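Q: I'd like to ask you about the structure that follows.
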Amino acid sequence: MKEASIVIPTRDKLSRLHLVLKALEGQINDAVEVVIVFDGCSDEVVKRFNDIKLPYKTITVIHDSNVGRARARNSGILRACGEIVIFLDDDRIPCAGFVTKHINRHKNGRYMVIGERAEIHYSEEKLLEICKTGFSRQVLEQMRKNSVKERYNVMKKAARAILGQAIERVTFTTGNSSVPRNELLKTGMFDENFSGWGVEDVDLGYRLSRNGLRAVRDYSIVNYHLLHPVDTGKQKIEYWRNFSYFMKKIEDDRMSRFIMKALSIFMYG
Numbered sequence: 001m002k003e004a005s006i007v008i009p010t011r012d013k014l015s016r017l018h019l020v021l022k023a024l025e026g027q028i029n030d031a032v033e034v035v036i037v038f039d040g041c042s043d044e045v046v047k048r049f050n051d052i053k054l055p056y057k058t059i060t061v062i063h064d065s066n067v068g069r070a071r072a073r074n075s076g077i078l079r080a081c082g083e084i085v086i087f088l089d090d091d092r093i094p095c096a097g098f099v100t101k102h103i104n105r106h107k108n109g110r111y112m113v114i115g116e117r118a119e120i121h122y123s124e125e126k127l128l129e130i131c132k133t134g135f136s137r138q139v140l141e142q143m144r145k146n147s148v149k150e151r152y153n154v155m156k157k158a159a160r161a162i163l164g165q166a167i168e169r170v171t172f173t174t175g176n177s178s179v180p181r182n183e184l185l186k187t188g189m190f191d192e193n194f195s196g197w198g199v200e201d202v203d204l205g206y207r208l209s210r211n212g213l214r215a216v217r218d219y220s221i222v223n224y225h226l227l228h229p230v231d232t233g234k235q236k237i238e239y240w241r242n243f244s245y246f247m248k249k250i251e252d253d254r255m256s257r258f259i260m261k262a263l264s265i266f267m268y269g
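Next up, the structure:
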């Protein structure tokens, strides 16, 4: 049994994934493993990944076709051997001490731990440059200075202070979070009926909360989201479809439905 498993689903974002894995150098030891789930990546991407040299071994799970976020993460959870599962996206650069901070947060209770997100824009040329040179203290410090904290952060912190666990129940995300693996298995992991973008992580957090886990935010556990072009129209369609499915699942919880609807309208219109 490992102390922690870092589960990273990926789909054709190799330069970003490479940078994420480089940033984890020095944080991986015999007690920590990295599980990468290739979700419908091309053969060329998998081949190029296998050519990447890292000072630690990775475990790979390969889905030949795109199975979606929920099933991809479930595959990673099932393959993982760690007591704690740390969820990390393939375009999120972890801060120094990222792994240790997540692990330490689980020592005194039943928690789902959520870190902080900052956003940064780097060109492909800059990503390749850092891949070659690695992450020095100077590079990480420059990244911190160039980043922008998550939009609406002040308002979100105020809402969390007022509503407490009521709002945490419907704001769990998996780009930077961790949960005991046994709790994920008991809860049923991700609901694979969610398809496309959004809400599958909120649904998991809601069920974990109902099963007795307390959400804990740690703003010192930062990862840096490497911004990239997205089809916002498609994302919105997928989000609202998944939103409707989730709202049916929690139809007896009026408070959570109200908060979820208000947040969704505010964020996605």
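Read in order, the letters of the sequence shown correspond to residues 1 to 269 in the UniProt record's numbering. Glycine included, every Cβ here is placed at the ideal spot set by N, Cα and C. On a predicted model such as this, the values are computed, not experimentally measured, just so you know.
Within 10 angstroms of the Cβ of LYS145, are there 16 or more other Cβ atoms? Answer buried if so, exposed if not.
A: Locating residue 145 in the sequence shown gives position 145, where the first residue counts as 1. That one is exposed.
Q: SER147: which of ASN108, ARG16, TYR122 sits nearest, CA to CA?
A: To locate residue 147, count along the sequence shown from 1; it is residue 147. Taking only the C-alpha atoms, the option nearest SER147 is TYR122.
Q: So PHE190 is in the beta strand (DSSP E); what residue range does that whole segment cover?
A: The count along the sequence shown starts at 1 and reaches residue 190 at position 190. Note, PHE190: premise wrong, no beta strand (DSSP E); not H, not E.
Q: Touching or not, the region 166 to 185 and the region 52 to 66, by the rule of three or more beta carbon pairs under 8 Å?
A: Segments in contact, no.
Q: Do you know how far the Cα of MET267 is from the Cα of THR171?
A: Your numbering for residue 171 matches position 171 in the sequence shown. Your numbering for residue 267 matches position 267 in the sequence shown. So the alpha carbons of these two residues sit roughly 12 Å apart.
Q: Counting only runs of 3+ residues fully inside the region 168 to 233, write out the beta strand (DSSP E) ranges in chain order.
A: Counting only runs of 3 or more, we get 176 to 180, 214 to 226.
Q: Can you tell which of MET247, ALA262, THR173 has its C-alpha closest to the C-alpha of ALA70?
A: Sequence index remark: in the sequence shown, residue 70 carries index 70 (1-based). It is THR173 whose Cα lies nearest to the Cα of ALA70.
Q: So, at 6 Å on beta carbons, what are the nonlocal neighbours of ILE6 in its own chain, with the 5 sequence-adjacent residues on each side left out?
A: Working through the sequence shown from its first residue, we reach residue 6 at position 6. Answer for ILE6: VAL34, ILE86, LEU88, listed in chain order.
Q: At which residue ranges does the UniProt domain "Glycosyltransferase 2-like" (5 to 122) contain complete alpha helix (DSSP H) runs of 4 or more residues, listed in the order of the chain?
A: Fully enclosed alpha helix (DSSP H) runs of 4 or longer: 14 to 23, 43 to 50, 69 to 79, 98 to 104.
Q: Excluding sequence positions up to five away, which residues of its chain have a Cβ less than 8 Å from the Cβ of THR100?
A: Indexing the sequence shown from 1 puts residue 100 at position 100. Closer than 8 Å at Cβ, skipping near neighbours: GLN27.
Q: May I ask you to report which of helix, strand or coil DSSP gives GLU238?
A: Working through the sequence shown from its first residue, we reach residue 238 at position 238. The answer is helix: DSSP assigns GLU238 an H, G or I state.
Q: Can you say whether ARG92 is buried or exposed, counting buried as having 16 or more other CB atoms within 10 angstroms of its CB?
A: Locating residue 92 in the sequence shown gives position 92, counting from the first residue. Its Cβ being crowded by 16 or more others within 10 Å, ARG92 is buried.
Q: Here's a check: name, in chain order, each residue in its chain whose Cβ is nearer than 6 Å to the Cβ of TYR152, leaving out the five neighbours to either side.
A: As a position in the sequence shown, residue 152 is number 152, starting the count at 1. Interpretation of TYR152 is limited by its pLDDT of 49, a score under 50 that renders its predicted location unreliable; no figure is taken from the coordinates.
Q: Closest by CA to PHE246, which one among LYS236, THR232, ASP201, PRO94?
A: For the purposes of this step, residue 246 is taken as residue 246 along the sequence shown, with counting starting at 1. When each option's Cα is compared against that of PHE246, the closest is ASP201.
Q: Terminal residues of the continuous alpha helix (DSSP H) containing PHE135?
A: As a working mapping, residue 135 is identified with position 135 in the sequence shown. Neither: PHE135 is in no alpha helix (DSSP H) and is coded neither H nor E.
Q: Hey, quick one: how far does the alpha helix (DSSP H) through MET260 stretch, first residue to last?
A: Position 260 of the sequence shown, counting from 1, holds the residue named residue 260. Its alpha helix (DSSP H) spans residues 254 to 268.
Q: Taking its Cβ as the centre, do 16 or more other Cβ atoms sit within 10 Å of GLY109, making it buried, or is it exposed?
A: As a working mapping, residue 109 is identified with position 109 in the sequence shown. Per the 10 Å Cβ criterion, exposed.
Q: Mapping DSSP to helix, strand and coil, what is GLU125?
A: Counting from one through the sequence shown, the residue named residue 125 turns up at place 125. DSSP places GLU125 in helix when its eight states are reduced to three.
Q: Candidates VAL61, GLY233, ASN29, GLU25: which alpha carbon is nearest residue 271's?
A: Within the shown structure, residues of the chain are numbered from 1 to 269, placing residue 271 beyond reach of any answer.
Q: Please return the same chain residues whose Cβ sits closer than 8 Å to the Cβ of LYS13, not counting the five positions on each side in sequence.
A: Within the sequence shown, the letter at position 13 stands for residue 13. These residues qualify, in order along the chain: ASP90, ASP91, HIS228.
Q: How big is the Cα-Cα spacing for ARG16 and CYS41?
A: Reading the sequence shown from its first residue, position 16 is the one you call residue 16. Reading the sequence shown from its first residue, position 41 is the one you call residue 41. So the alpha carbons of these two residues sit roughly 14 Å apart.
Q: Rounded to whole angstroms, how far is the Cβ of ARG207 from the Cβ of THR187, which I believe are closer than 8 Å?
A: Mapped onto the sequence shown, residue 207 falls at position 207. Mapped onto the sequence shown, residue 187 falls at position 187. At roughly 5 Å, the Cβ-Cβ gap stays under 8 Å, so ARG207 and THR187 are in contact.
Q: Is the separation between the beta-carbon of HIS18 and that of CYS95 shorter than 8 Å?
A: Sequence index remark: in the sequence shown, residue 18 carries index 18 (1-based). Sequence index remark: in the sequence shown, residue 95 carries index 95 (1-based). Their beta carbons are not under 8 Å apart, which means HIS18 does not touch CYS95 by this criterion.
Q: In this structure, does DSSP put GLU3 in helix, strand or coil?
A: Here residue 3 is taken as the residue at index 3 of the sequence shown, counted from 1. GLU3: strand per DSSP, three-state reduction.
Q: Whose C-alpha, out of GLU168, LEU21, GLY97, LYS249, is nearest the C-alpha of GLY134?
A: Within the sequence shown, the letter at position 134 stands for residue 134. When each option's Cα is compared against that of GLY134, the closest is LEU21.
Q: Give the straight-line distance between the Cα atoms of ALA31 and LYS2, rounded to the nearest whole angstrom.
A: In the sequence shown, residue 31 corresponds to position 31, counting from 1. In the sequence shown, residue 2 corresponds to position 2, counting from 1. If you take the alpha carbons of ALA31 and LYS2, they lie about 5 Å apart.
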